[in-house]
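This report concerns only the one structure given below.
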Amino acid sequence: MGRSTRDRAIGGRLSDDMQALLGSPPDLICRSLNLDADRAAQLIYLDSLVDSSAIDEFLVRSVRQNGFAEEPASAGRQFMRELPSGAPYGRILDEAAQAVVAGQCVLVEDKRERILIIGAFEAPGRQVEEPKSEPTIRGPQEGFTESIRTNIGLIRKRITSPKLRFENMTIGSRSASTVMIAWMDGLAPEALVREARSRLAAIRTDSVLESSYLEEYIQDRILSPFPTILNTERPDKTAAHLLEGKVAILTDGTPYVLIAPLTFFEMFSSSEDYYQRADIATFIRWIRLISFFVAVYAPSLYVAATTFHQELIPTALLISLSAQREGVPLPAFLEIMLMEIVFEIIREAGLRMPRAVGQALSIVGAIVLGQAAVEAGLISAAVVIVVAVTGITNFVVPVYSFGMSQRLLRFSFILLAGFMGLFGILCGTLMLIAHLVSLKSFGVPYMTPFAPASTADWLDVLVRAPRPWMNPNRLPASIQRLKRK
Amino acid sequence: MISRTQFYLLTVNYTLGTTLFVTINAMIGEAGTDAWMMPLWAGLFGMIAALLWIALLKSSPGRSPVEIALEAWGPAGAIIGILYLAVFCLTAAWALRNLSDFMNETIMPNTPPTMFHVMFLLVAGYAVAQGSETVGRLNAVVTPFLAVPFWISLTLATAVWDWERLEPAFRDPWAIFRFPVLLGFPFLETFSLTMLYPKVRSGAAGALVLGVASAALSISLVVFMTLGLLGPERAARINYPIYTIVQEVELGQAFVNIHSVLTVILITLIFIKLMVLLYAAFETIGQLFRPASRWPHLLALAILLSSAAVAIYENPIQNRIMDEAYTFIFISFYAVLIPVLLLLSGWLRRTAAGRSRSRRG
Amino acid sequence: MWLLILTLGPLIVAQTAWLVYRKMYRDTAVFLAVSLAGFGLWISIARGRPIILNAAIGRIIEAAKALVTG
Amino acid sequence: MLRRRLAASVILALCAALLASCWDRSEMNELALVSMVGMDRDPDSGKITVYMQVINPASGTSAQGAPAGEQAPVYTYKVSSDSFAETQFTFYKLMPRKMFLHHAKAVIISERFAKQGLREFINFTELMPDARSSVPLLVAEGPVGKVMHTFTPLERNPAESVTSRLELLYEMAMMSGRRIEVRDVIERSAKGEIAVLPMIAPTARRGDPNSWELNAEIDANANQLKISGGAVIRDYRMIGRLTDDELVLHNLLDGGKGRFVRRYPFRDGHIAVNMKNRRAKKKLEWRNGKPFVRVRIRVDISTVGMSEFHPQTIGEIRELEEHVNRSLAGELEDFVDRTRGKGWDLLRIGGMLRRKAPDLPDPDRAAEEAEVGIEIESRLTGMGNMSRLYDETGGTR
């Protein structure tokens with residue numbers, strides 16, 4: 001008799017205390033399965049996080065058929081494990097609660113006094129879709145999702161090699177997010193993997209909701225406009241980088257994967273380069289390089305040329321420009337500054353606003369700010385052109401975060417140009433180069449393969465050489481440096 | 001640690017540094033159509049001097065002259081070190097002032113010189129604070145963007161090339177030796193590079209000598225082209241022949257005035273020179289006083305240099321007179337005399353030690 | 001003149017204070033030595049009687065010559 | 001911490017400097033774009049008069065669209081004072097905008113000024129960093145003021161009109177050389193050699209120059225500028241003139257590479273020969289102690305425009321070439337003799353001697369008694385669109 005009460009106690013108590021502990025949420029289910037007289041069992045789970053069909057069809061049935069009689073296999077700790085029955089009740093309760101909120105299902109068999117934790121996790125989430133931020137015309141159209149297991153699958157399906165390594169870490173005292181380091185064993189330098197591991201381990205934070213959280217912790221220098229870690233939502237890109245011996249960091253709950261190390265010129269090569277014909281890809285790569293310079297320098301050069309060094313401008317052009325400026329109230333510097341800021345505002349608005357309104361915005365932007373401002377004589381037409389060109393060229397670069405840094409640079413250069421003309425631009429440029437060459441990403445100089453120079457790599461940086469011309473087993477210089485260490 | 005190539009490029013750019021702006025017309029004024037031979041023998045002398053420094057540096061590897069002085073002479077060495085600090089600062093101030101003179105006389109007449117000084121000091125300070133690697137790599141990255149436009153513009157200018165301007169040649173074989181300042185100014189000044197020398201991975205010696213040699217060659221080539229493009233009559237009179245050349249370059253009918261771009265590109269050379277000197281000064285401070293912080297001392301140096309650049313000389317004319325009177329003596333004092341003394345003392349100590357060891361044995 | 005003092009003064013003072021606060025006394029000494037030299041030079045410029053370093057070197061060398069020749 | 005403070009101070013400094021609206025900054029519409037400069041010097045009073053022709057940008061389309069009504073393409077400002085430096089500043093009594101010399105296309109000197117000597121002006125321009133010495137220098141026949149106050153038809157901006165005409169004259173008629181820029185005058189004069197500058201003159205006036213009926217005037221010869229003749233400059237001073245005819249010959253000897261037409265008596269009529277200079281080389285030789293200058297010129301001739309005669313046989317071709325050689329050489333020889341007679345060393349023999357034989361005691365004497373031999377080698381390369389001419393008897397011959 002007393003036995004039965006005690007039995008009653010363990011299952012019931014657990015479920016009651018669970019209710020209390022979680023504040024009796026609506027989605028907490030405590031099912032008590034009444035089997036034959038001497039076998040009763042309790043199922044405790046959150047039905048918002050578990051696959052209820054799996055529970056009904058698989059769990060309940062196997063419990064009925066006494067499927068859990070034998071010891072659970074040691075393998076698959078994730079899937080099913082048994083709490084040591086001898087443990088103090090408090091600890092059991094905590095572990096059970098932790099398991100339940102993690103989307104697992106707690107099975108209490110009163111008779112045998114066993115508490116099994118069975119993974120039936122199935123969180124709501126979207127399917128694999130086309131990557132939003134970096135679409136390609138040719139090449140795979142699938143992108144990472146928020147579920148880390150899907151992402152791992154997406155990578156594995158591209159690299160079917162036993163050398164592909166994943167290492168699990170849990171970061172965030174509250175969110176306890178799953179983070180995985182992925183690398184190719186043998187390709188990736190030991191030092192790199194060790195570095196990544198130690199940097200991730202050193203993170204002290206309460207939550208990781210997006211990989212950018214990690215990026216801020218593990219990047220080499222905080223005060224820099226340039227990203228030193230690549231983030232992508234393309235599995236094929238990730239695979240390509242892994243095969244170059246780099247390290248990828250997957251974070252649960254975000255489709256963006258971090259890849260390190262990153263060098264400056266890699267930001268000009270998109271994964272599509274390798275799907276296009278070599279010559280075309282090379283051409284496009286150069287276009288990107290040029291448009292980078294245009295995006296950064298065009299407005300400042302305009303300011304410098306029109307307010308400091310007018311002799312640079314061909315006579316005819318100078319005449320028409322100065323004719324345009326007749327009666328324009330603002331100095332050219334302010335004109336450009338104003339238009340640039342307005343343009344940034346419009347762009348930001350365009351990003352945030354609901355799709356339906358976009359049309360209206362573009363009309364306002366185009367007509368009101370362009371034409372009207374010119375015709376009202378507030379802005380000279382040339383300025384509008386310059387700003388428009390820079391705005392467009394800014395979108396050419398394949399890495400979004402790099403585009404952001406370009407905007408930052410652009411404004412500082414305009415400031416310098418308005419301050420001291422070409423000399424100011426020169427100073428800014430030297431400063432920029434000094435900064436770039438001093439940057440490092442996971443111990444790799446940012447400007448590799450140019451400073452320090454390794455001519456062998458130029459074949460894949462300045463041009464996109466046809467694959468047959470390139471040695472498939474050759475790792476990029478950045479990785480080789482790390483290997484040498 | 002910087003690579004051999006980077007050190008080589010540094011040497012070349014450093015030597016070209018202010019030379020292209022200051023001495024060309026003086027050379028041509030001295031030797032007329034044969035002026036292009038001057039840098040060659042001066043460069044030869046510079047190479048010999050470089051060999052002397054290399055001998056000194058090889059005598060105790062991985063040490064800069066300042067450190068060598070410190071370990072050789074103790075407190076006296078410290079005084080030498082402070083002297084070197086002063087010398088580096090002075091040379092840097094010189095470079096800065098040449099820059100602002102040039103800018104004021106050419107494309108930006110109204111900007112106060114100090115603005116130029118401060119801007120360059122800021123950038124150079126930032127670069128130096130990042131360490132020798134940054135200095136080397138910055139220069140390596142900049143060099144092509146420097147050399148290509150410069151030589152292209154000179155080639156474009158050859159539209160008005162005229163061999164008649166180079167005649168009569170070889171009038172007076174001794175004329176080319178009548179300008180000893182040249183020994184001191186571009187070539188002995190490369191001594192500041194010995195502060196970077198220990199930072200070079202390997203083969204720094206070759207890089208240094210080769211650098212001086214190719215710098216001498218390119219200076220002589222520039223002088224040669226100046227003669228062929230402007231003729232000795234004009235080139236000897238104009239203050240900045242290079243500026244006049246690029247001013248008269250025409251890119252077709254449209255771009256008739258590209259000089260401001262080329263000017264701004266050219267002054268990068270001065271920047272590199274300044275950067276090296278600032279690095280040398282900063283390194284000297286570091287080796288003399290072993291400070292724990294970097295930025296404060298760069299700030300202090302910036303203050304000192306920005307003032308020294310204004311006070312270094314009253315006006316370019318006075319500067320030229322002083323140059324021709326004293327520069328050579330001044331430079332050869334710290335770049336030849338002191339290294340020789342250091343070398344001798346080191347050699348004496350070594351022989352003495354050897355003898356004592358043999359006596360003991 | 002005043003502008004100069006207003007710009008440089010605070011810079012030097014703040015920097016020194018920071019160094020002292022960080023207990024880097026040797027650095028403080030070096031910093032003050034160098035920066036005050038510069039400051040002095042600035043003052044001399046601002047007062048319109050700059051010390052022309054170039055001429056100073058010249059004088060030194062002349063003196064040295066005199067010594068050597070006796 | 002410290003780095004951030006430094007950065008902040010840098011930004012502050014920048015902004016402060018910006019607010020102080022920097023030193024060399026000037027908006028485009030604060031500039032007076034000088035397109036042409038004219039100069040005159042009164043021989044007795046020594047007063048210098050400078051004309052600045054400034055482009056009027058509003059004559060083009062402006063930000064507000066096309067300008068209302070007809071506007072002058074250029075305005076001419078005039079200032080006179082005792083020295084160039086002073087004129088530069090007195091201009092601002094009249095000029096509301098900053099003088100901008102970089103785009104000046106041509107400099108025009110009055111004949112009397114040229115005769116007094118240009119050294120002062122040359123030094124002034126060379127001293128000014130923003131004045132390029134690579135602009136063509138023209139000598140105005142008669143008062144320079146007239147030239148500066150003349151619009152040119154078709155190419156409204158006189159400076160443009162002048163420069164393009166100089167180019168065309170060089171290409172098509174060799175009536176203007178390559179060495180007509182300020183820097184060439186400097187160099188040649190410094191070498192003690194002769195430079196020849198083009199001359200410009202206003203044509204006959206008709207109607208009121210300041211009224212707009214001029215734009216309705218069909219006769220493009222009236223009320224405009226004409227470039228013809230050459231001013232001989234030695235030692236910064238104008239010492240004489242060359243006619244257009246002589247100008248062609250001089251440019252040919254000077255190594256000009258344009259095409260030109262000469263008309264020679266041939267058989268029982270004349271032929272107009274179309275020539276293009278290929279190579280002109282001067283060589284210094286010594287004949288019994290006297291310098292001998294051998295000039296070798298290779299010209300390509302073509303039958304284009306030779307409406308009188310068309311060679312049919314090899315013999316005729318040779319005959320034509322021989323004839324051209326002889327006549328051109330003859331022309332050149334007596335041109336050289338004539339000019340040397342006047343004491344103008346247009347072949348620049350003196351300079352040549354100074355270069356090639358620097359140890360000569362008195363190069364000028366030697367130059368005077370030097371002999372000149374001119375050899376022409378012409379080749380028939382081009383031909384017109386006909387292989388034989390319509391040679392009926394109609395028309396003149």
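Chains as they are written, first to last, in the numbering used here: chain F, 1 to 485; chain A, 1 to 361; chain H, 1 to 70; chain V, 1 to 397. Where a beta carbon is used, it is the ideal one built from N, C-alpha and C, also for glycine.
Going along chain A in order, which residues have a C-beta closer than 9 Å to the C-beta of residue i?
i: Met267(F); result: Those within 9 Å of Met267(F) in chain A number zero; the least Cβ separation is about 16 Å.
i: Asp24(V); result: Ile107, Met108, Pro109, Asn110, Thr111
Please list the partners that residue i has in chain A, where partner means a Cβ-to-Cβ separation under 7 Å.
i: Phe450(F); result: Val141
i: Arg355(V); result: Glu164, Glu167, Pro168
Does the distance from the CB of residue i to the CB of residue j come in under 8 Å?
i: Ser407(V); j: Asn325(V); result: Here chain V has residues from 1 to 397 only, and residue 407(V) is not among them.
i: Val106(F); j: Ile44(F); result: yes
i: Leu269(A); j: Leu20(A); result: yes
i: Ile115(F); j: Ala96(F); result: yes
i: Val123(A); j: Ile2(A); result: no
i: Gly443(F); j: Leu409(F); result: no
Is the CB of residue i under 8 Å away from at least one CB in chain A?
i: Ala37(H); result: yes
i: Trp71(H); result: There is simply no residue 71(H) to check, as chain H begins at 1 and stops at 70 in what is shown.
i: Pro96(V); result: no
i: Pro358(V); result: yes
If you count every other CB in all the chains shown that lies within 10 Å of the CB of residue i, and 16 or more means buried, which is it?
i: Tyr236(V); result: buried
i: Arg91(F); result: exposed
i: Arg488(F); result: The structure shown does not extend to residue 488(F), since chain F spans only 1 to 485, so no value can be given for it.
i: Leu182(A); result: buried
i: Ala63(V); result: The predicted position of Ala63(V) is uncertain, since its pLDDT is 42 and thus under 50; a value taken from the coordinates is nonetheless stated next. Flag for Ala63(V) reads buried.
i: Phe293(F); result: exposed
i: Met172(V); result: exposed
Could you tell me whether the Cβ of residue i comes closer than 8 Å to any Cβ of chain V?
i: Thr111(A); result: yes
i: Gln310(F); result: yes
i: Ala75(F); result: At Ala75(F) the pLDDT is 43, less than 50, meaning the model places this residue with poor confidence; the figure from the coordinates comes in the next sentence. Taking Cβ atoms only, chain V never reaches closer than 8 Å to Ala75(F), which makes this a no.
i: Glu248(A); result: yes
Name the chain H residues that come within less than 8 Å of residue i, Cβ to Cβ?
i: Ile285(A); result: Val30, Val34
Could you list which residues in chain V have their beta carbon closer than 9 Å to that of residue i, in chain order?
i: Arg234(A); result: Glu126, Ser133, Arg183, Ile186, Glu187, Ala190
i: Asn257(A); result: His102, His103, Arg132
Could you check whether the Cβ of residue i sits closer than 8 Å to any Cβ belonging to chain H?
i: Met322(A); result: yes
i: Leu363(A); result: Chain A is shown from 1 up to 361; residue 363(A) falls before or after that span and cannot be answered.
Does any C-beta atom of chain F lie closer than 8 Å to the C-beta of residue i?
i: Met28(V); result: yes
i: Val200(A); result: no
i: Ala63(V); result: Its pLDDT being 42, under 50, Ala63(V) is placed unreliably by the model, and the measurement read from it follows with that caveat. Yes, because at least one Cβ of chain F sits closer than 8 Å to the Cβ of Ala63(V).
i: Ala254(A); result: yes
i: Tyr279(A); result: no
i: Leu380(V); result: no
Which bits of chain F does residue i rub up against, with CB to CB less than 7 Å?
i: Thr134(A); result: Ala434, Val437, Ser438
i: Ala127(A); result: Ala434
Taking Cβ-Cβ distances shorter than 8 Å, what residues in chain V pair up with residue i?
i: Gly421(F); result: Asp24, Arg25
i: Thr307(F); result: Arg25, Ser26, Glu27, Met28
Quick one: which chain A residues come within Cβ less than 8 Å of residue i?
i: Leu19(H); result: Ser293, Pro296
May I ask you to list, following chain order, the residues of the region 50-63 of chain H that have a beta carbon less than 9 Å from some beta carbon of chain A? Listed by position, the residues of the region 50-63 of chain H near chain A (Cβ gap below 9 Å) are Pro50, Ile51, Ile52, Leu53, Asn54, Ala55, Ile57, Gly58, Ile60, Ile61, Glu62.
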